[in-house]
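>
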Amino acid sequence: MTHYAVITIPLNRPNVVAFLLPPSSKQKGASIHILAQRPTLAAEAAWINQLTQKPTIESLLAIDRPENHVVQTTTDRLVPVEFFTDDEFLTRSLGSWSPIFFGVAAVPEAGLSDPLLEHLTVLADYGRSIHHFGADPKLVTRRLANEVGASAAETAVFLQRLHQQRPTNALTPTVIANQIQTLYSHIAEETLLQTAVAGPIPKTILLDELMGWMVRQETA
Numbered sequence: 084m085t086h087y088a089v090i091t092i093p094l095n096r097p098n099v100v101a102f103l104l105p106p107s108s109k110q111k112g113a114s115i116h117i118l119a120q121r122p123t124l125a126a127e128a129a130w131i132n133q134l135t136q137k138p139t140i141e142s143l144l145a146i147d148r149p150e151n152h153v154v155q156t157t158t159d160r161l162v163p164v165e166f167f168t169d170d171e172f173l174t175r176s177l178g179s180w181s182p183i184f185f186g187v188a189a190v191p192e193a194g195l196s197d198p199l200l201e202h203l204t205v206l207a208d209y210g211r212s213i214h215h216f217g218a219d220p221k222l223v224t225r226r227l228a229n230e231v232g233a234s235a236a237e238t239a240v241f242l243q244r245l246h247q248q249r250p251t252n253a254l255t256p257t258v259i260a261n262q263i264q265t266l267y268s269h270i271a272e273e274t275l276l277q278t279a280v281a282g283p284i285p286k287t288i289l290l291d292e293l294m295g296w297m298v299r300q301e302t303a
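Basically the working numbering = 1-based index in the sequence shown + 83.
1) How would you write the range of the alpha helix (DSSP H) that Q155 sits in, first residue to last?
2) With which residues is H269 paired in a DSSP beta bridge?
3) Leaving out the 5 sequence neighbours to the left and right, which residues in its chain are closer than 7 Å to A119 when beta-carbon positions are compared?
4) Using 8 Å as the Cβ pair cut-off and three pairs as the minimum, do the segment 283-290 and the segment 258-271 touch?
5) Straight-line CA distance for F209 to A189?
6) Among the candidates W180, A207, E171, E201, whose CA atom is the shortest distance from the CA of V187?
7) Express the C-alpha separation of W180 and V298 in angstroms, rounding to a whole number.
8) Going by beta carbon distance, what residues of the same chain come within less than 7 Å of V164, once the five residues before and after it are set aside?
9) Count the other CB atoms within 10 Å of the CB of G112; is the residue buried (16 or more) or exposed (fewer)?
10) Give the secondary structure of S114 by DSSP, where H, G and I count as helix, E and B as strand, and everything else as coil.
11) Would you give the residue range spanned by the beta strand (DSSP E) that L177 belongs to?
12) What is the residue span of the alpha helix (DSSP H) that D291 lies within?
13) Any chance you could list the alpha helix (DSSP H) runs of at least 4 consecutive residues sitting entirely within the segment 197-275, in chain order?
14) Classify Q247: buried if its beta carbon has 16 or more other beta carbons within 10 angstroms, exposed otherwise.
15) Less than 8 Å between the C-beta atoms of T156 and I117, yes or no?
16) Buried or exposed: where does F241 fall if 16 or more other Cβ atoms within 10 Å of its Cβ makes it buried?
17) Can you tell me the Cα-Cα spacing of I90 and G282, whole angstroms?
18) A119 by DSSP, collapsed to three states: which one?
19) Quick one: residues in its chain with C-beta nearer than 8 Å to the C-beta of M294, no 5 flanking neighbours on either side, listed in chain order?
20) Between which residues of its own chain and T85 is the CB-CB distance below 7 Å, once the five residues before and five after are set aside?
21) For my contact list, I92 and I213 are in at a C-beta cut-off of 8 Å; report their separation, rounded to the angstrom.
22) Between the Cα of V100 and the Cα atoms of A145, R244, F185, D197, which residue gives the shortest distance?
Structural data, given as C-alpha cells:
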C-alpha cells in the first residue's frame, strides 16, 4: 500500500557521500516515488483532454493535484547532478546546518538496504493520499482576466493549441533543447504562435510552458 510522507535525508553522511560521488550515468539505488516539480507528460495529456471536453476553471486547476506530479526515480537521482560540480557541496561545513534532501515521497517499506533511505526521517505522515491546498477558483478566474486577459475557456483553448505544437518524437536531450529554443524565439519575437485564424497565445502561458521544458531538460 502506498504511504506518502514529508521526508528529509541528510546528505553529508559518509556512506551517502560515497554512494553519490562520483555521479554515475547509470541509475542505482532503491526505487522511490517522489513529488516532482512539474506534472508528468501523461498527466498533462489527460488534463488537455479533460479541458477539451470540459473547459471550466475546475478542469483548469485539476492539473495541480499532487498525484499528477508523482514520478518514480532512484535514490542516486534525488540530488540533481549539477550540484556535484561543487566538490564540497555534500561535505562543506555549515556550522549546525547540513545539506539535506527534503520533499514528499512514498515511504519505502522498512528493511531496504540503501545508503540514503537508512537515514530517512518522516516529518509529516500523509497516509494513502497527499494533503494539499488547491487554488481558489474565483481568485484564479479574476487573475486570468486581469493578468492573461482570458477566461478559463479561452485559456483552455490556448493550452490545447500549445500542446499541439509539442514534439511528437522521443524526448531526447536534443529535442528538448530545440523545443526550449523555439519557445524562447516566440517569446522574444512576440510572435506568440499567432495564426491567420487564431489569436496570439499570451506570453504568461508561454513562459509557464518554457519552465516545464527547462525542468525536463534538467532531469533528462
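Don't be surprised by glycine CBs; every beta carbon is placed ideally from N, CA and C. Model, not experiment: these values are computed from the prediction.
Considering the structure as presented:
1) Here Q155 belongs to no alpha helix (DSSP H); instead the beta strand (DSSP E) covers 153-157.
2) For H269, which the question treats as bridged, DSSP gives no partner whatsoever.
3) H152, V154
4) yes
5) Per the sequence shown, the amino acid found at residue 209 is Tyr instead of Phe. Computed Cα separation, rounded: 9 Å.
6) Measuring from the Cα of V187, the nearest candidate turns out to be A207.
7) Using only the alpha carbons, I get a separation of about 27 Å.
8) Cβ neighbours of V164 beyond the five flanking positions: P106.
9) buried
10) strand
11) From DSSP, L177 is part of no beta strand (DSSP E); its letter is neither H nor E.
12) 286-302
13) 220-226, 235-247, 256-272
14) So Q247 counts as exposed.
15) yes
16) It counts as buried.
17) 45 Å
18) coil
19) Excluding sequence neighbours, M294 sits near R121.
20) The residues are A189, R211.
21) About 18 Å separates the Cβ atoms of I92 and I213, ruling out a contact at the 8 Å cut-off.
22) D197
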